[in-house]
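Visitor:
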């Protein structure tokens, strides 16, 4: 059987046409109608549906008892059952939490961790080239995550505006405690305290640092220093047991509050890179199988600007994928592109020399004003939080 996600305790209330918790379901049962409603990822074996109208109801990834599925189909419903031979839920109704991804982990027992078991299954079933059965299961799972991401970020944007989500990208190999790791953590802490929602790709290195900084945003700065120092004693993700143990220890000891938007931010990782240990500092994780879908979602959501810390091929791909969206105006707005680490982005990868001429030629007008290079965490934070801070003189003028 697939590993179930823990029950959602409070109503999700994402959409009047979707049911993703038993609390939401109860309201429809009282009206004795689920007509044209989508019911996602619930265990319904103890729910009496016999007197409930189910014409054009879609049950997707739900557990139905003996005879239930046949009965609701006979009365006009559609049923996409669970895939019983996958370790992951067919249609998750919410995003993952650190507790979900780390479930089953014990020191020396990394292979028993939920995140690891899903990755092993992914590899054994073809990795990025699964057979039809596995591909369908993965796509339905990712649709559930995509749906949950839309609801969670939609609620955030409704209250704070699209420009309040800031992406932080960078190298997965940046060691815990290294200057680049510390800079990303400090910047994310400052941005979260200024009301921004931090969004990362959910991997180790710079991504973990950013979620860690956000996780520590309600604590004194010394707490972040202490957390980094403890993590730095297990800074090699090629030793996943020690790496994960350290993360769980820091999470347990620091325990920040209040809710997820201000404590850890959001990540969108992928099992495509599942050989890397899970980043356990994001408050919620939209973990997917499709790397392409996940990368597009990160960049589409990061409308408050994107920080690019030093990184290699993956980070450079994200730079130009984000630039393409801005160039053609496929996103409604675009915040600044902050390149953190002037020497790296000038000498090792001279990004401005390539990016500036491209952005100048945008059909929407000269976009070079969005490009910044800096070594200063405070300057980067100011650029991402001060109104109108994207209006600067284009490079070379």
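Numbering (the numbering used here), first residue to last: 322 to 718.
For each residue, glycine too, the CB sits at the ideal point set by N, CA and C.
Quick caveat, the model's predicted, so the values are computed rather than measured.
1) Do you know offhand how far residue 514's Cα is from residue 396's?
2) Classify residue 685 as helix, strand or coil using the three-state DSSP reduction.
3) Roughly how many whole angstroms lie between the Cα atoms of residue 605 and residue 472?
4) Take the Cβ of residue 714 as the centre, count every other Cβ of all protein chains shown within 10 Å, and call the residue buried at 16 or more, exposed below.
5) Using three-state DSSP, classify residue 628 as helix, strand or coil.
6) Relative to the C-alpha of residue 483, which residue among 455, 641, 627 is closest?
7) For the beta strand (DSSP E) that contains residue 488, what are its first and last residues?
8) How is residue 609 classed by DSSP in three states: helix, strand or coil?
9) Write down the C-beta distance between residue 598 and residue 491 rounded to the nearest angstrom, noting that I regard them as a contact closer than 8 Å.
10) Would you call residue 699 buried or exposed, if buried means 16 or more other Cβ atoms sit within 10 Å of its Cβ?
11) Nearest to residue 487 by alpha carbon, out of 441, 493, 613, 478?
12) To the nearest angstrom, how far is it from the Cα of residue 385 to the Cα of residue 364?
13) Just to confirm before moving on: does the CB-CB distance between residue 535 and residue 586 stay below 8 Å?
14) Tell me whether residue 707 sits in a helix, a strand or coil according to DSSP, three-state version.
15) By DSSP, does residue 409 sit in helix, in strand, or in coil?
16) Check residue 449 in the structure and name its three-state DSSP category.
17) Just checking my contact of residue 569 with residue 423 at CB under 8 Å: how many whole Å lie between their CB atoms?
18) Please state whether the Cβ-Cβ distance between residue 375 and residue 361 is less than 8 Å.
19) Assuming residue 695 is part of the alpha helix (DSSP H), what are its boundary residues?
20) For residue 382, which option in 543, 461, 518, 664 has the closest C-alpha, if you only look at C-alpha atoms?
21) Closer than 8 Å by C-beta to residue 432: which residues in its own chain qualify, once you throw out the five before and the five after it? Chain order, please.
22) List the whole-angstrom C-beta distance separating residue 591 from residue 609, where the pair is believed to meet the contact cut-off of C-beta under 8 Å.
23) If you draw a straight line from the alpha carbon of residue 588 to that of residue 418, how long is it in whole angstroms?
24) Where residue 518 and residue 392 are concerned, what is the direct C-alpha to C-alpha distance, given to the nearest angstrom?
25) Please list the segments of the beta strand (DSSP E) lying wholly inside the segment 630-682, counting only runs of 3 or more residues, in order along the chain.
26) Measuring CB atoms only, is the segment 520-536 touching the segment 663-674, in the sense that at least three cross pairs come out at less than 8 Å?
27) Grab me the residues of residue 561's own chain with a C-beta within less than 7 Å of its C-beta, minus the 5 sequence neighbours each way, in chain order.
28) Which whole-angstrom value is the C-beta distance of residue 607 and residue 416, which I expect to be below 8 Å?
29) Apply the 10 Å Cβ neighbour rule to residue 600 and answer buried if 16 or more other Cβ atoms are within range, or exposed otherwise.
30) Assuming residue 401 is part of the beta strand (DSSP E), what are its boundary residues?
31) So who's on the other strand from residue 361, going by DSSP bridges?
32) What is the rounded straight-line gap between the Cα of residue 368 and the Cα of residue 467?
33) Just to confirm, are residue 719 and residue 512 a CB contact at a threshold of 8 Å?
34) For residue 493, does the count of other Cβ atoms within 10 angstroms reach 16, so buried, or fall short, so exposed?
35) By DSSP's criteria, residue 588 is part of a beta bridge. Which residues make up the other side?
36) Please determine, among 642, 688, 469, 402, the residue with the shortest C-alpha to C-alpha distance to residue 454.
Guide: Quick look at the numbers:
1) 53 Å
2) coil
3) 13 Å
4) Confidence at residue 714 is low in this model, with a pLDDT of 34, below 50, so the placement of that residue should be treated as unreliable; the coordinate-derived value is given next. Residue 714 comes out exposed.
5) strand
6) 627
7) 486-490
8) strand
9) Residue 598 to residue 491, Cβ: 17 Å. No contact.
10) exposed
11) 478
12) 7 Å
13) yes
14) coil
15) coil
16) coil
17) 6 Å
18) no
19) Counting along the chain, residue 695 falls outside any alpha helix (DSSP H), though it belongs to the beta strand (DSSP E) covering 692-695.
20) 461
21) 438, 441
22) 5 Å
23) 10 Å
24) 45 Å
25) 658-661
26) no
27) 431, 598
28) 5 Å
29) buried
30) 399-401
31) 381
32) 27 Å
33) This structure leaves residue 719 out entirely; the chain is present only between 322 and 718.
34) buried
35) 521, 606
36) 402
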